[in-house]
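All residue numbers for the sequence shown refer to the working numbering, where the first residue is 97 and numbers rise by one. Cβ coordinates follow ideal geometry from the N, Cα and C atoms, glycine included. Right, one structure below, let's go through it.
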Amino acid sequence: MAIGPQILAIDLGTSGMKAALVAADGTVTGWAERPVPLHVLPGGGAEQDPLAWWEALGEVVADLGRAYPDHVKAITTVCSSTQGEGTVAVDASGQPLTPCISWLDMRGAANLRRQFGGFPSYQGMSVRRIARWLRLTGGMPSPTGKDPAAHMLFIRDELPSVYARTATFLNVLDWINLKLTGRTVATVDSILTSWVTDNRRASRIDYSSALVADSGIDRDKLPPIVACTDVIGTLSPAAAEHLGLPSSIQVVAGAIDNTAAAVGAGTTRDNEAHLYVGTSSWIAAHVRRKKTDVLSSIASVPCALPDRYLMTALQATAGVNLTWLRDKIVEYDDPIVSAGHVSRDEGTIFDAFDRILPTVPAGANGVLYTPWLYGERAPVDDPNLRAGFFNISLGTNRSDLLRAVFEGVALNTRWLAAAVDRFLGSPVTSLVITGGGAQSDAWCQIFADVLGVEIRRDANPVAVNARGAGWIGAVGAGLISFADIPGLMRNDHVFTPTAAHRATYDEIFGVYQDLHKRLAPIYRRLNA
Numbered sequence: 097m098a099i100g101p102q103i104l105a106i107d108l109g110t111s112g113m114k115a116a117l118v119a120a121d122g123t124v125t126g127w128a129e130r131p132v133p134l135h136v137l138p139g140g141g142a143e144q145d146p147l148a149w150w151e152a153l154g155e156v157v158a159d160l161g162r163a164y165p166d167h168v169k170a171i172t173t174v175c176s177s178t179q180g181e182g183t184v185a186v187d188a189s190g191q192p193l194t195p196c197i198s199w200l201d202m203r204g205a206a207n208l209r210r211q212f213g214g215f216p217s218y219q220g221m222s223v224r225r226i227a228r229w230l231r232l233t234g235g236m237p238s239p240t241g242k243d244p245a246a247h248m249l250f251i252r253d254e255l256p257s258v259y260a261r262t263a264t265f266l267n268v269l270d271w272i273n274l275k276l277t278g279r280t281v282a283t284v285d286s287i288l289t290s291w292v293t294d295n296r297r298a299s300r301i302d303y304s305s306a307l308v309a310d311s312g313i314d315r316d317k318l319p320p321i322v323a324c325t326d327v328i329g330t331l332s333p334a335a336a337e338h339l340g341l342p343s344s345i346q347v348v349a350g351a352i353d354n355t356a357a358a359v360g361a362g363t364t365r366d367n368e369a370h371l372y373v374g375t376s377s378w379i380a381a382h383v384r385r386k387k388t389d390v391l392s393s394i395a396s397v398p399c400a401l402p403d404r405y406l407m408t409a410l411q412a413t414a415g416v417n418l419t420w421l422r423d424k425i426v427e428y429d430d431p432i433v434s435a436g437h438v439s440r441d442e443g444t445i446f447d448a449f450d451r452i453l454p455t456v457p458a459g460a461n462g463v464l465y466t467p468w469l470y471g472e473r474a475p476v477d478d479p480n481l482r483a484g485f486f487n488i489s490l491g492t493n494r495s496d497l498l499r500a501v502f503e504g505v506a507l508n509t510r511w512l513a514a515a516v517d518r519f520l521g522s523p524v525t526s527l528v529i530t531g532g533g534a535q536s537d538a539w540c541q542i543f544a545d546v547l548g549v550e551i552r553r554d555a556n557p558v559a560v561n562a563r564g565a566g567w568i569g570a571v572g573a574g575l576i577s578f579a580d581i582p583g584l585m586r587n588d589h590v591f592t593p594t595a596a597h598r599a600t601y602d603e604i605f606g607v608y609q610d611l612h613k614r615l616a617p618i619y620r621r622l623n624a
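This is the structure we're talking about:
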């Protein structure tokens, strides 16, 4: 069979570099990945080496070339999805002057407060400035210092010689595009968390002169802004040589990960929501207007669709609760896993969990778990919250604890979903579920039962970002339109709520909310 045009979809996450071959209909052929280390530093620092990303990209494209040579020959377009909120300072020749300051890096928090302080203030920042950010951008800098607004100030104040040599500050996506094409640009979504753009018209996102002047960063160090679907050039000779591809291949600007996932989940129609379950999780939907719910920390922001915004409600810790459970409590050689008859060679940790979870009744025999391992973002923004098991008795066993963790993440999602319903103006009755957590049948059913909505599972949930990048690239290349995408999306199973569990979870959810109300002041005392 003839192979149609292929998009080389780059998916760069915090854990490493991945790449896939994606057809215009969303078919994902091939998958290759390489880990890239994250370096955690004293004082809240977290960095990655951009050159390590680039080397890893060359390796994964070579892997694809060996495994799927005919598909690689059919590549016409490259498009990327990357982690967001990272900052790379580059010189006039495009070389990085420092490692990438990761979205996890908090070293710029104090610099942020010094730049944007004033009376009256909220979380160390002037209320007047916050009001202007909300009006123009839809959001505001994270007081934790975890986004580029703080990263750039950290470099300006703590590394002045680097700041003086910086030609441009780039987000992760922007740096990859620079390496691919030699062109320096930012996308409408990658520039968002620099908090310097006027986002009031979705079709015309541009810098706000007032916000730029207030940012403390020189205007000429900020890149031009393009749409996610813009063709920004072809592969530079150096990139073509590095990747082993023709220099005639075009490059579409692409998007950061949550923007790409909203496309990759097939949810491009208005108010159609998806639930992404990865290390963190979110409920997201494309909407017609810019809006911010300050109390619930939910906003609609620029995205890949040129005339729409993306509402995103972020839950700080979701799948990482399972990572913690796997790495700190349960290992593959642990009896709780061997009871499921699963080893590393026989399946994933989700296969083991899926054998155990159905043996415990809904409600985990009375055990509750709050999944706030490192604070929460929405529907409350509280970095002091922490996780905990409640109502453990002498009769509690590890299977009960296991189910309680899965249910706790779902209960937090139900809390979040109520705020999403208010934001959208009508209740969400059906959700596409995607991301690594969607591989668990038992967890999908728990989400359906706890949320009381239909859960439609992505047939290939771990490829959602790559598929999203592929579809954004296909739109940019003129192969499809965003309106075509819902008809191309494939779901492999629909999970419907179990009526017998509704009363159980309704009761538990009330207790869950009460736990937050009572414990939040205690966690503030312990962790502030």
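{"Asked": "Of all the options Asn556, Asp302, Arg297 and Leu274, which has the alpha carbon lying nearest to the alpha carbon of Arg384?", "Found": "Arg297"}
{"Asked": "Checking 8 Å against the spacing of the C-beta atoms, do Leu575 and Ala120 come in under that value?", "Found": "yes"}
{"Asked": "For Leu255, which residues from the same chain have a beta carbon less than 8 Å from its beta carbon, with the 5 sequence-adjacent residues on both sides left out?", "Found": "Thr194"}
{"Asked": "What first and last residue would you give for the alpha helix (DSSP H) that runs through Pro582?", "Found": "Ile581 to Leu584"}
{"Asked": "Would you identify the three-state DSSP class for Asp294, choosing helix, strand or coil?", "Found": "strand"}
{"Asked": "Can you name, in chain order, every residue of its own chain whose Cβ lies under 7 Å from the Cβ of Gly182, other than the five neighbours on each side?", "Found": "Cys196, Ile197, Ser198, Trp199, Asn267 and Val268"}
{"Asked": "In angstroms, rounded to a whole number, what distance separates the CA positions of Leu249 and Gly220?", "Found": "15 Å"}
{"Asked": "What does DSSP give as the partner residues of Gly574 in its beta bridges?", "Found": "Answer is none; Gly574 lacks a bridge partner."}
{"Asked": "How is Met248 classed by DSSP in three states: helix, strand or coil?", "Found": "helix"}
{"Asked": "Using DSSP with H/G/I as helix, E/B as strand and the rest coil, what is Thr355?", "Found": "helix"}
{"Asked": "Could you compute how far the alpha carbon of Tyr465 sits from the alpha carbon of Ser238?", "Found": "27 Å"}
{"Asked": "On the DSSP bridge assignment, give the partners of Leu130 in chain order.", "Found": "The displayed chain sequence assigns Arg, not Leu, to residue 130. Partner(s): Met113."}
{"Asked": "Rounded to whole angstroms, what's the CA-CA distance from Ile529 to Pro454? Just pull it up for me.", "Found": "20 Å"}
{"Asked": "Report the three-state DSSP secondary structure of Val558 (helix, strand or coil).", "Found": "helix"}
{"Asked": "Just the Cα atoms here: how many angstroms apart are Pro244 and Asn461?", "Found": "45 Å"}
{"Asked": "Who does Phe486 pair with in a DSSP beta bridge?", "Found": "Leu464"}
{"Asked": "Could you have a look at Ala185 and say whether DSSP puts it in helix, strand or coil?", "Found": "strand"}
{"Asked": "Please work out which residues of its chain come closer than 7 Å, Cβ to Cβ, to Asp450, disregarding the five sequence neighbours upstream and downstream, and give them in chain order.", "Found": "Ser536, Asp537 and Ala538"}
{"Asked": "Can you tell which of Gly109, Asp285 and Gly548 has its C-alpha closest to the C-alpha of Leu527?", "Found": "Gly548"}
{"Asked": "For Glu143 and Asp201, I'd like the C-alpha separation in whole angstroms.", "Found": "7 Å"}
{"Asked": "If we count Cβ pairs, one from each stretch, closer than 8 Å, do we get three or more for the stretch 166 to 183 versus the stretch 560 to 570?", "Found": "yes"}
{"Asked": "If we call anything under 8 Å between Cβ atoms a contact, is Ile321 one with Ala282?", "Found": "yes"}
{"Asked": "At 4 residues or longer, and completely inside the stretch 343 to 417: list those alpha helix (DSSP H) runs for me, N to C.", "Found": "353 to 360"}
{"Asked": "When the Cα atoms are used, what is the spatial distance from Leu318 to Leu490?", "Found": "60 Å"}
{"Asked": "Tell me the rounded alpha-carbon separation between Asp423 and Leu497.", "Found": "15 Å"}
{"Asked": "Give me the DSSP bridge partner(s) of Pro192.", "Found": "Val186"}
{"Asked": "I'd like the list of long-range same chain contacts for Thr262, defined as Cβ closer than 8 Å, with 5 residues on each side in sequence excluded.", "Found": "Ala185, Val186, Asp187, Leu193, Ile251 and Lys317"}
{"Asked": "Whose C-beta lies closer than 7 Å to the C-beta of Pro479 among residues of the same chain, with five residues either side of it excluded?", "Found": "Thr240 and Gly471"}
{"Asked": "Tell me whether the beta-carbon of Ala356 lies closer than 8 Å to the beta-carbon of Asn623.", "Found": "no"}
{"Asked": "Compare the Cα-Cα distances from Lys613 to each of Trp511, Thr363 and Ala309 and report the closest residue.", "Found": "Trp511"}
{"Asked": "Should Pro192 be flagged as near chain D, meaning a C-beta pair shorter than 8 Å?", "Found": "No chain D appears in this structure, which consists of one protein chain only."}
{"Asked": "Report the three-state DSSP secondary structure of Val516 (helix, strand or coil).", "Found": "helix"}
{"Asked": "Does DSSP classify His437 as helix, strand or coil?", "Found": "The pLDDT assigned to His437 is 43, lower than 50, so where the model puts this residue is not dependable, and the model offers no usable value."}
{"Asked": "Report yes if the C-beta distance between Pro475 and Ser392 is below 8 Å; otherwise report no.", "Found": "yes"}
{"Asked": "What separation, rounded to the nearest whole angstrom, lies between the Cα atoms of Asp302 and Val284?", "Found": "8 Å"}
{"Asked": "What number of angstroms, rounded off, separates the C-alpha of Gly436 from the C-alpha of Ile452?", "Found": "Only weak support exists for where Gly436 lies, its pLDDT of 43 falling under 50; the coordinates are left without a value."}
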